[in-house]
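Scroll down for the structure; my scribbles are underneath it.
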């Protein structure tokens, strides 16, 4: 009955005025032979699979809605649909279900699509037709739950297709670069969906929960359990530990090394929201402390040796973006030691603080905070503030200088300091990484010493962290955010050229769209005997990697 109705629908739709046929395309007819190019109303096409990924449909619908009529026609010609003509002259789609469903959901009134005929098997009996379709890999007979479905139970139109959340997750995972799209492999994303179906659960109506699921899927995609799947990337690093999720949105981590027992070290991370907080995690990723009541804490950094109340303490400093100020806490207790008055950039809302890095000057122990805002001038984007004890056990702050070039593209958020060598680095997000002297009293304090990583990045230059050796060597590590990669540059520069930084390695990680990172070469117990690299990931979590995972076989062996 479905097929009879569809034949009637095909006839009726053929009477509707549609987009003018492009040269070489003829209106669909049941007698077209293999190789013919035709136009057809999308509502007359029959699916050859029961389910699709709704997230992919929504993504493609947005792309189609952004096109005018001419651009849409050109796009649909480029994405012309392969069809097989079946019994009764019914046109079955062999591919392109998500794109054409997106067209049906789009704002465009004209639903004409372009197609080419793979085969005309209309003379076959239904059983023989479907046997040939399966043998040719032109149909995928599983429903949205991954269960087998008979051909006569397939939906008659694209609008009747089921929504398979795991198929949508598999598409998002591929889009995130977790596995390689292979054009010659049939049903690749469905195979990944079946793999994920048994391993990842979430509420698909909750975008935050979906991001958590995507982060978990990316971690799983990097494990040997996924090795048999088509497109598996052997080089993607899977984290040793994934933290418990925060409430809203992770952004930046910082490592505190416990001087009495490094195995009891902590990670402090931001939960970036109006109802935000600082979270403290142990090395197993468990939440051990939470500092609530912060309005969009953006980035955080930690430094030892701050003189306060007559003793040296470790401090964590975060930018409280919506209040345009810094907040300061002692470690490990996370006791607040500011009075709420550490406002930066004179409270200018256009320069609401985002990035933060601390610098303890080796020659006298003076403590400074480098701050980057949401916006700023072409010169003088970074503010450097002196932090001191105000005499009452609280911290006071004095602006020392404003320095640093800015390309005018996006913002400057990620900042890192190499105190031992005396440099500060920051990511000009869509331009490169800039380098200056950290000491405001240095003779060349206002001169840009280097600008590197200006090509090769897929998107934003984000989090910066510095892996250090006592001899002055090491690596400046920069997040290539949209590519889910980290680039490693020699900390010491090139021989005879300390400000020449050329990439020595690019690392694929399971962390998705990483904003912030931190790293230490200090051994941290049995879990991280060679040091620790921490990266923010979508999904409200942070990922922990052993340094030896990052170094691999390409870099010198980590110190023991």
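Numbering (my numbering), first residue to last: 1312 to 1871.
All C-beta atoms in this analysis are idealised placements derived from N, C-alpha and C, irrespective of residue type, glycine included.
Item                                                                                                                                                                                       : Value
For residue 1537, which residues of its own chain have a beta-carbon under 7 Å away from its beta-carbon, when the five flanking residues on both sides are left out?                      : 1506, 1531, 1543
Shortest alpha-carbon distance to residue 1606 belongs to which of 1660, 1619, 1630?                                                                                                       : 1630
Quick one: Cα of residue 1856 to Cα of residue 1690, how far?                                                                                                                              : 36 Å
Are the CB atoms of residue 1948 and residue 1830 nearer to each other than 8 Å?                                                                                                           : Outside the displayed span of the chain (1312 to 1871) sits residue 1948, for which this structure offers no information.
Can you give me the Cβ contacts of residue 1866 inside the same chain, cut-off strictly under 8 Å, excluding the 5 residues immediately before and after it?                               : 1786, 1799, 1815, 1816
For the segment 1510 to 1525 against the segment 1399 to 1418, are there 3 or more C-beta pairs whose distance is under 8 Å?                                                               : no
If contact is defined by three or more beta carbon pairs under 8 Å, each pair taking one atom from either stretch, is the segment 1433 to 1452 in contact with the segment 1470 to 1487?   : no
Run through DSSP, which three-state label would residue 1313 get?                                                                                                                          : Legend: pLDDT at residue 1313 = 46, less than 50; position of this residue unreliable, value from coordinates given subsequently. Three-state result, residue 1313: helix.
Identify the residues that DSSP records as bridge partners of residue 1453: which are they?                                                                                                : 1459
Rounded to the nearest angstrom, what separates residue 1871 and residue 1549 at their Cα positions?                                                                                       : For residue 1871, the pLDDT reaches just 49, beneath the cut-off of 50, and the residue's location in the model is therefore unreliable, leaving the point undetermined.
Measure the Cβ-Cβ separation of residue 1661 and residue 1730 and say whether it is below 8 Å.                                                                                             : no
If you compare alpha carbons, which of 1588, 1379, 1576, 1367 is closest to residue 1418?                                                                                                  : 1379
Would you check if there are 3 or more beta carbon pairs closer than 8 Å linking the segment 1474 to 1489 to the segment 1348 to 1368?                                                     : yes
Among 1665, 1646, 1562, 1648, which residue has its Cα nearest to the Cα of residue 1655?                                                                                                  : 1665
Any idea which residues DSSP pairs residue 1565 with across the strands?                                                                                                                   : 1579
Residue range of the beta strand (DSSP E) that residue 1748 falls in?                                                                                                                      : 1743 to 1748
Considering only the beta carbon of each residue, do residue 1411 and residue 1356 sit closer than 8 Å?                                                                                    : yes
Which residues in the same chain as residue 1801 place their Cβ atom closer than 7 Å to its Cβ, once the five residues preceding and following it in sequence are excluded?                : 1786, 1812, 1815
Ignore the nearest five residues each way along the sequence and tell me which others in residue 1647's own chain have a CB closer than 6 Å to its CB.                                     : 1640
Using a Cβ-Cβ cutoff of less than 8 Å, which residues in the same chain neighbour residue 1318 once the five nearest sequence positions on both sides are dropped?                         : In this prediction, residue 1318 scores a pLDDT of 45, lower than 50, which makes its location untrustworthy; no coordinate-derived value is stated.
Please list the terminal residues of the continuous alpha helix (DSSP H) segment that includes residue 1371.                                                                               : 1365 to 1376
With a threshold of 8 Å between beta carbons, is residue 1642 in contact with chain D?                                                                                                     : Of the chains in the structure shown, none is chain D; there is only one protein chain.
Secondary structure at residue 1796, three-state DSSP: helix, strand or coil?                                                                                                              : strand
Report the rounded CA-to-CA distance for residue 1678 versus residue 1703, giving the unit in angstroms.                                                                                   : 17 Å
Check for me: the beta strand (DSSP E) holding residue 1350 runs from which residue to which?                                                                                              : 1348 to 1352
Could you name the residues of the same chain whose beta carbon sits closer than 8 Å to that of residue 1552, not counting the 5 residues immediately before and after it, in chain order? : 1594, 1595, 1596, 1838, 1854, 1855
Using C-beta distances below 6 Å, list every residue in its chain close to residue 1851, excluding the 5 sequence neighbours before and after it, in chain order.                          : 1523, 1556, 1557, 1561
Between which two residues does the beta strand (DSSP E) harbouring residue 1629 extend?                                                                                                   : 1622 to 1631
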